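Following: one structure in structure tokens, then a few remarks.
Residue numbers (our numbering), protein chains in the order written: chain A, 1 to 363; chain B, 364 to 472.
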């Protein structure tokens, strides 16, 4: 006998507007069907009516937890279509900002994951304090706190302020200490361990065939990170490892984020040391000539939630077609497979471990 | 393709070139770090594709997106329900024939 339960569209654990139709037998999940599309705004169609550099603000709203990453992925696509080289200092500035964004996003993940497991708001408040400091630093660097729109063709809108390096280093050592604390708190917490270890197992084989992205893929033991596989900017010159876990469960997915937080800190430190002086400002929009008609470019970027691929067919005035491969979309598509056979209560910790942003799923 | 180690489907999408429609498959060989793009030209008025779900389960949602947004029929599979939006099959929204000013509301909820 199975019972059908409707969860959402608005539910405290659904990370946005998402409706789940769950078939349960007793407490065991038999089938989950995510109903998406509540936040579908047709961004891919919308950009066809806008000029190239009018689009970054739309891209940022795709993922409001890590807006800068989408902004950068889009601008990099336009740069590829136009054949523009990014200035060397600007490459470092972008990299530092992207990694700060990744830290902010992963900290948010930790809070949201604990919320989903019923450890209401303790962790959430702790990580928000730290995330806020990262956002403040990004505000110093870009002038905005939430939606930065800091990328210009060939560079950035604002160079880093003179005291940025010092402030950033201070923040990084503070964060490093805090991440260690979080890890100790969580991994000594029996509730957290019970609800993550061995829950939501996704084998390497299935992860590949379901096409999951980013941390979820790496938590299943597949070492694929766009930053290493197809290095962009100065990632090649800097020291970092790809975080890989072989646990395949919720715990491995949490662990990947902790490891990536540490790697990001390492990357930023290294980048700050090696960053050259010079000009980082991007060109004004009027200076750019139109790209050729029907030129096809594909650009991949490692966002905090996984790989985003932008496929653009160009036109002289505006994108002819922009197709966005959203990491959350593929990860949510795999939810049914991961949650089958688990307890209903664990469905939410699994969703938390996938780190979904619904705006990114629906586009 | 899968026999050659291309076992990861990155994305399926389509482009409307005005008179022709093109479906694009992005495949990846993770072990050897190679990417491959397959472009398939479709009939504009009677676009269809065979399903790739038996080879790549990841194709599920992408194929449904193609059905809704480009009006591409996927053979040998049933669209279980709407994925993103309710469109009545006339003028699929991501095709260039879609008119921005037209009122497409059909009275369906």
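All C-beta atoms in this analysis are idealised placements derived from N, C-alpha and C, irrespective of residue type, glycine included.
Small disclaimer: the values here were computed from a predicted structure and weren't measured.
Taking 7 Å as the cut-off, the beta carbon of residue 47 (chain A) is found closer than this to the beta carbon of residue 322 (chain A).
Under the DSSP assignment, residue 302 (chain A) falls in the beta strand (DSSP E) whose first and last residues are 296-303.
At least one CB of chain B lies nearer than 7 Å to the CB of residue 323 (chain A).
Within chain A, 311, 323 have C-beta atoms less than 7 Å from the C-beta of residue 376 (chain B), given in sequence order. Note on residue 101 (chain A): 16 or more other CB atoms within 10 angstroms of its CB, so buried under the neighbour-count rule.
The C-alpha of residue 6 (chain A) lies about 19 Å from the C-alpha of residue 117 (chain A). Exclusion of the five residues before and after residue 439 (chain B) leaves 413, 414 as the residues of its chain whose Cβ lies within less than 8 Å of its Cβ. Annotation: residue 435 (chain B) has no Cβ neighbours in chain A at a cutoff of 9 Å; minimum Cβ distance is about 14 Å.
In this chain, the alpha helix (DSSP H) harbouring residue 140 (chain A) covers 122-142. Between residue 36 (chain A) and residue 362 (chain A), the C-beta spacing is below 7 Å. When secondary structure is reduced to three states using DSSP, residue 257 (chain A) falls in the helix class. When rounded, the separation of the alpha-carbon atoms in residue 154 (chain A) and residue 379 (chain B) is 30 Å. Fully enclosed alpha helix (DSSP H) runs of no fewer than 4 residues occupy 190-196, 204-210, 215-219, 226-229 of the region 167-234 of chain A, in order along the chain. Contact annotation: residue 38 (chain A) and residue 17 (chain A) have beta-carbon atoms nearer than 7 Å. Residue pairing of residue 411 (chain B) in beta bridges, as defined by DSSP: B:436.
In this structure, the beta-carbon distance from residue 213 (chain A) to residue 330 (chain A) falls below 7 Å. Under the DSSP assignment, residue 101 (chain A) falls in the alpha helix (DSSP H) whose first and last residues are 88-116. The secondary-structure analysis by DSSP pairs residue 50 (chain A) with nothing; it has no beta-bridge partner. Judged by their CB atoms, residue 134 (chain A) and residue 56 (chain A) are not nearer to each other than the 7 Å cut-off.
Rounded to the nearest whole angstrom, the CA to CA distance from residue 61 (chain A) to residue 359 (chain A) is 7 Å.
Where residue 36 (chain A) is concerned, there is no enclosing alpha helix (DSSP H), because DSSP gives it neither an H nor an E.
Under the three-state reduction of DSSP output, residue 399 (chain B) falls in the strand class. For residue 353 (chain A), the enclosing alpha helix (DSSP H) begins and ends at 344-354. Here residue 461 (chain B) carries a coil assignment [DSSP, helix/strand/coil]. In this structure, residue 81 (chain A) sits away from residue 304 (chain A), with a CB-CB distance that is not shorter than 7 Å. The region 54-85 of chain A is shown to contain whole alpha helix (DSSP H) runs of 4 or more residues at 56-60, 67-82, in chain order. Bridge pairing for residue 252 (chain A): absent [DSSP].
Residue pairing by DSSP puts residue 313 (chain A) in a beta bridge opposite A:296, A:321.
If you ignore the 5 residues before and after residue 140 (chain A), its C-beta comes within less than 6 Å of the C-beta of 161, all in its own chain and listed in chain order. Under DSSP, residue 308 (chain A) takes part in a beta bridge, and its partners are A:301.
The Cβ of residue 197 (chain A) sits no closer than 7 Å to any Cβ of chain B. Setting aside the 5 residues that flank it on each side, residue 43 (chain A) is surrounded in the same chain by 58, 363, each with a C-beta closer than 6 Å to its C-beta; the list follows chain order. Following the DSSP letters along the chain, one finds residue 6 (chain A) inside the beta strand (DSSP E) bounded by residues 3-7. Per the DSSP secondary-structure output, residue 155 (chain A) pairs in a beta bridge with A:152.
In the structure shown, residue 339 (chain A) falls within a helical segment according to DSSP collapsed to helix, strand and coil.
Look at residue 333 (chain A): its C-beta is under 7 Å from a C-beta on chain B.
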